[in-house]
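Q: This note's numbering applies: residue 540 is where the sequence shown begins, and numbers increase by one.
Ideal Cβ placement from N, Cα and C applies to all residues, glycine included.
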Amino acid sequence: MGTDAPPVGIVMGSESDLEVMRPCADMLEDLGISCEMRIMSAHRTPDLVAEWARGAAERGLKVLIAGAGAAAALPGAVAAESQLPVIGVPIDATPLRGVDALYSMVQMPSGVPVATVSINGAKNAAVLAARILATNDPEIAGRLQEMTARRREGVIASDRRVRGEEQ
Ligand code: RP5
């Protein structure tokens, strides 16, 4: 088992997905989690996808995040080649606004799961990956709790402002 890779691997089907997927890497960075980002296509570079997925665990990756739009076979193709947890991010990339990608990855055959988040839900993919890592890393668990507390306080502050209690 190698340790040269970061704990999270992010792969997307096209450079056109980067705008949606970049916030995933940013959220991981905010949580102190390093990641690698790759662009590979299940339909256009299937061999590279298989090679990356097959070698992921051996390189030290712990969680894989795959974003794709349209036919969106990428998360399933990764899950078919790796025993690591795979989180799928459906991307709004066609006139079907991501529903095509959602349906392409959520209904996986038994034994080959893809944990699918919402359309363009790249930030939640990062949080879910962090929660998986946190099961074995108290520091990440603590940072997740701090993030949850900040988000709670943010909503409470918004409520106060809307009621005129705070400017
Ligand atoms: C998918 O097709 C990609 O993930 C992208 O969301 C969509 C369009 O790809 P490009 O035509 O922009 O390369 O495979």
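1. Just how far apart, CA to CA, sit Glu597 and Arg699?
2. Quick one: what does DSSP say Gly548 is sitting in, helix, strand or coil?
3. Are Val550 and Cys574 close, meaning C-beta to C-beta below 7 angstroms?
4. Excluding the 5 residues flanking Leu587 on each side, which residues of the same chain have their C-beta closer than 8 angstroms to its C-beta?
5. Just list the residues that DSSP pairs Val538 with in beta bridges.
6. Have a look at the DSSP bridge pairing and note the partners of Arg577.
7. Among Thr687, Gly608, Arg577 and Trp591, which has the Cα closest to the Cα of Ser621?
8. Ends of the alpha helix (DSSP H) at Thr687?
A: The structure says:
1. As a working mapping, residue 597 is identified with position 58 in the sequence shown. As a working mapping, residue 699 is identified with position 160 in the sequence shown. One C-alpha to the other measures close to 50 angstroms.
2. Here residue 548 refers to the residue found at position 9 of the sequence shown. Gly548: strand per DSSP, three-state reduction.
3. Counting from 1 along the sequence shown, the entry for residue 550 is found at position 11. Counting from 1 along the sequence shown, the entry for residue 574 is found at position 35. No. Outside cutoff.
4. Start at 1 with the first residue of the sequence shown, and residue 587 comes out as number 48. If we look at Leu587 and ignore the five residues flanking it on each side, its Cβ neighbours are Met579.
5. This structure does not reach residue 538, given that the chain is present from 540 up to 706, and the question cannot be answered.
6. The count along the sequence shown starts at 1 and reaches residue 577 at position 38. Val550, per the DSSP bridge assignment.
7. On the sequence shown, position 82 is the one that residue 621 refers to. The shortest C-alpha separation from Ser621 is found at Trp591.
8. Walking along the sequence shown from the start, residue 687 turns up at place 148. Residues Pro677 to Val701.
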